[in-house]
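Below: the structure, in structure tokens.
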Amino acid sequence: MHSQRKIKRSIISLLSAVILFTVLLPAAAPLRAACAGGESVTAAFSAESFSEERIRLAVSALCERYGAENAAGLLNAEYGSVPCIDWIAISLCRYGMPADMFETYLRGAAASVTSPPAGAERARTAIAVALAGGTDSLIPEALEGCVAAGKAISPLISSVHLMNNGYKSDARSKEESVSLLLSLRLADGGWAVAGEYSDTDITAMVLSALAPHKNEEGVESAVAGALAKLSSMQYDDGGMASMGAENPESASQTVIALSALGIDAMTEPGFIKNGKTLFDSIESFAVAGGGYSHAPGGGFDATATSQALMAYTAYLCFLRGRGPLFVSDGADPAHAEPPRKAAEPSGTARETGGNAEVERKNADLTAKAIALCAIIAAGGIACAMLFVFKKRNFKNFIAVGAAVLTVAAAVLFIRFESVDDHYKKPVKTDPAGTVLLTVDASGAGGELPAGYPADGMLLSGERFEIGEGDTVLDILNDASAAYGFQLDRSGTGGGAYIRGIAYLYEFDRGQLSGWTYYVNGIRAGVGCGEYVLHDGDEILWRYVIAFEADGR
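Following this line, the structure appears as structure tokens:
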């Protein structure tokens with residue numbers, strides 16, 4: 003009897019705890035919101051110790067992920083077995099690891115790079131080799147390949163980096179390369195691979211390359227204008243986005259650019275929004291173990307982690323007066339003068355993307371609280387019925403309690419998404435016209451996932467009705483529902499980003515591969531959830547190995 007009373011008291015305590023947790027969960031939301039809108043995560047640390055700690059955590063996460071005991075182990079691994087190893091090598095070299103630690107990496111890089119001379123990955127390897135003190139023929143070959151690519155902006159950026167490190171090309175001088183970069187600047191102040199609108203990542207990368215020339219005629223005004231543009235593109239939470247999707251890589255590239263220019267990314271007023279810095283945005287993508295995800299709520303991502311590592315290394319170089327990330331100390335032409343602040347950038351912070359995500363999370367929290375209350379009520383009713391019908395065996399109450407806990411846990415820890423949320427196929431009661439949609443993976447090469455035709459054309463000129471205000475994302479969702487192919491996206495609305503279509507994902511064919519879209523033959527400069535369609539538009543989703551690969 004005494005034992006049964008103890009069990010009953012335990013059941014009552016357990017159910018009470020569940021009820022209390024249900025009540026406190028929504029009550030805690032305002033506290034979390036207050037913390038989210040409060041002091042910057044970097045405020046409690048010195049800038050240098052903050053950077054050191056984040057570098058250590060990122061390297062530790064990479065070591066754990068790829069089975070290395072330490073940073074030297076990453077460099078000594080078989081070349082190519084560690085993703086983004088060139089970016090990692092750049093960071094470790096500029097952080098100050100001794101030259102003899104790079105011998106294995108340099109041998110592997112020289113022996114394993116087989117892509118064309120103008121390839122973006124080959125150029126990145128050449129930069130890493132140059133910084134690490136390598137003398138292999140890879141560097142001049144990669145430089146000549148970049149020069150031969152003409153106005154393709156990624157090879158052009160790489161060529162300037164290599165020239166800043168003392169390498170020369172017979173076909174084009176460093177001054178001519180800088181002038182060519184300046185000539186590609188868009189009317190809105192920044193740079194992009196294609197189109198009329200500046201891209202965050204490309205603009206930041208150009209600024210990193212121009213940093214050693216920031217006081218030269220024509221460069222200074224271009225840098226000031228581009229900084230103003232970057233500031234205007236920064237989100238209210240301190241973050242940056244590319245193709246409409248906020249991500250840590252874009253914030254990292256901006257930190258690298260500011261550090262190269264001698265601007266303190268942690269204190270520069272033009273890059274602090276609502277008290278939040280670029281570093282706050284990067285840290286919002288942190289995952290357990292020290293790495294970073296590419297999208298909110300995602301898991302470890304090698305690209306995001308290695309670029310965050312570069313950002314913190316670049317910032318530490320700035321703090322210690324060591325010059326830009328991509329310029330070796332011996333070849334550094336830029337840091338003869340003390341760091342200066344840039345002119346206060348003009349423009350307003352963009353208000354889309356981040357707010358939509360906050361609203362979604364708040365709505366999700368409210369829905370979960372309601373569901374938990376309903377679960378507790380159902381459990382209480384079940385217990386009452388057991389009591390009324392004299393089914394008072396304590397095992398029955400244990401079963402009810404276990405069921406309540408199981409369902410409650412499912413509600414708390416599983417993100418539910420309705421079919422309507424995943425496949426938005428609105429009924430076009432008053433269509434505003436029609437558009438044509440093509441989904442082309444022919445450029446991916448190699449074996450494609452099941453479901454793709456042999457030619458890689460998942461859809462070819464299929465016609466869809468559009469409603470007033472429909473976007474490129476809406477029509478892709480319609481197509482996914484109509485033809486039954488898988489669609490993997492992160493973010494919502496203007497912050498939506500397409501990671502995979504029919505199980506073909508970004509990075510599947512290299513570190514610059516992924517899906518990009520065009521409307522009427524022009525690569526758009528905004529996210530697919532922001533591009534509003536008009537009658538007669540032709541949409542092309544194309545999988546590319548690198549953005550220059552399709553000649554656009």
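At the far end of the sequence shown sits residue 554, using our numbering, and the numbering has no gaps.
Ideal Cβ placement from N, Cα and C applies to all residues, glycine included.
This structure is a prediction, so every number in the text was calculated from the model and none was measured.
Secondary structure of residue i, DSSP reduced to three states
| i | result |
| --- | --- |
| SER462 | strand |
| TYR519 | strand |
| GLU508 | coil |
| LYS278 | strand |
| ILE143 | The residue you asked about is not Ile; residue 143 is Glu in the sequence shown. In this structure, GLU143 counts as helix in the three-state DSSP scheme. |
| GLU222 | helix |
| THR431 | coil |
| TYR485 | helix |
| SER492 | strand |
| GLU80 | coil |
| ALA288 | strand |
| ALA151 | coil |
| ASP442 | strand |
| GLU71 | coil |
| ARG362 | Because the pLDDT at ARG362 is just 44, under 50, the model does not fix this residue reliably, and the value given afterwards should be weighed accordingly. Helix. |
| GLU270 | coil |
| SER210 | helix |
| TYR169 | coil |
| ILE524 | strand |
| ALA243 | strand |
| VAL437 | strand |
| VAL561 | Examination of residue 561 is not possible in this model, given that the chain is present from 3 through 554 alone. |
Alpha-carbon to alpha-carbon, residue j and residue i
| i | j | result |
| --- | --- | --- |
| TYR107 | MET99 | 13 angstroms |
| ILE87 | ALA401 | 53 angstroms |
| GLU146 | VAL131 | 16 angstroms |
| PHE281 | HIS163 | 25 angstroms |
| ILE155 | ALA194 | 8 angstroms |
| SER308 | SER171 | 30 angstroms |
| ALA60 | GLY469 | 46 angstroms |
| SER492 | TYR519 | 16 angstroms |
| THR205 | ALA226 | 12 angstroms |
| ALA128 | LYS430 | 53 angstroms |
| ILE141 | VAL221 | 26 angstroms |
| ARG58 | ILE92 | 15 angstroms |
| ASP537 | LEU478 | 16 angstroms |
| ARG56 | ALA380 | 47 angstroms |
| ILE274 | VAL521 | 34 angstroms |
| CYS385 | ASP476 | 47 angstroms |
| SER210 | LEU64 | 25 angstroms |
| LYS393 | ILE377 | 21 angstroms |
| SER252 | MET242 | 5 angstroms |
| VAL208 | ALA262 | 11 angstroms |
| GLY2 | ASP510 | With the chain represented from 3 up to 554, any question about residue 2 goes unanswered, as that position is not in the structure. |
Rounded Cβ spacing between residue i and residue j (contact assumed at less than 8 angstroms)
| i | j | result |
| --- | --- | --- |
| VAL474 | TYR545 | Their Cβ separation, rounded to whole angstroms, is 16 angstroms, which puts VAL474 and TYR545 out of contact at 8 angstroms. |
| ILE90 | LEU311 | 7 angstroms |
| ALA410 | LEU388 | The Cβ separation is near 19 angstroms, so there is no contact. |
| HIS215 | VAL180 | 5 angstroms |
| LEU506 | LEU461 | So it is not a contact: roughly 13 angstroms between Cβ atoms. |
| LEU327 | ARG126 | Actually they are not in contact, since the Cβ atoms of LEU327 and ARG126 sit about 13 angstroms apart, beyond 8 angstroms. |
| ARG124 | VAL149 | Rounded, the Cβ-Cβ distance is 13 angstroms, inconsistent with contact. |
| LYS231 | ASP203 | Incorrect: roughly 13 angstroms between the Cβ atoms, too far for contact. |
Unbroken alpha helix (DSSP H) run spanning residue i, endpoints
| i | result |
| --- | --- |
| GLY110 | 105–114 |
| ARG394 | That residue, ARG394, is in no alpha helix (DSSP H); it is neither H nor E in DSSP. |
| LYS176 | 176–185 |
| MET99 | Premise fails: MET99 is in no alpha helix (DSSP H) and is neither H nor E. |
| PRO250 | 250–262 |
| THR137 | That residue, THR137, is in no alpha helix (DSSP H); it is neither H nor E in DSSP. |
| THR473 | Where THR473 is concerned, there is no enclosing alpha helix (DSSP H), given that its DSSP letter is neither H nor E. |
| CYS86 | From DSSP, CYS86 is part of no alpha helix (DSSP H); its letter is neither H nor E. |
| CYS319 | 304–321 |
Proximal residues to residue i (C-beta, below 6 angstroms), its chain only, five neighbours per side dropped
| i | result |
| --- | --- |
| GLY512 | ILE547 |
| PRO341 | Annotation note: pLDDT 32 at PRO341 (below 50); position unreliable, no value reported. |
| PHE287 | PRO250, TYR294, SER295 |
| ASP303 | SER295, HIS296 |
| LYS363 | Its pLDDT being 48, under 50, LYS363 is placed unreliably in this model, and the coordinates cannot settle the point. |
| ASN276 | ASP238 |
Residue range of the unbroken beta strand (DSSP E) whose run includes residue i
| i | result |
| --- | --- |
| ALA540 | The question names Ala, but residue 540 in the sequence shown is Glu. From DSSP, the beta strand (DSSP E) with GLU540 extends over 540–546. |
| ARG2 | Since the displayed the chain opens at 3 and closes at 554, residue 2 lies outside it and no answer follows. |
Neighbourhood of residue i by C-beta distance below 8 angstroms, restricted to the same chain and skipping five residues each side
| i | result |
| --- | --- |
| LEU188 | ALA194, GLU198, TYR199, SER200 |
| ALA523 | Correcting the residue type first, residue 523 is Gly in the shown sequence and not Ala. Closer than 8 angstroms at the Cβ level, and outside the excluded window around GLY523, lie GLU540, LEU542. |
| ALA224 | LEU184, ARG187, LEU212 |
Own chain partners of residue i with C-beta closer than 7 angstroms, once the 5 adjacent residues on each side are dropped
| i | result |
| --- | --- |
| MET268 | THR44, ALA49, THR279, PHE281 |
| GLY292 | LEU59, ALA60, SER62, ALA63 |
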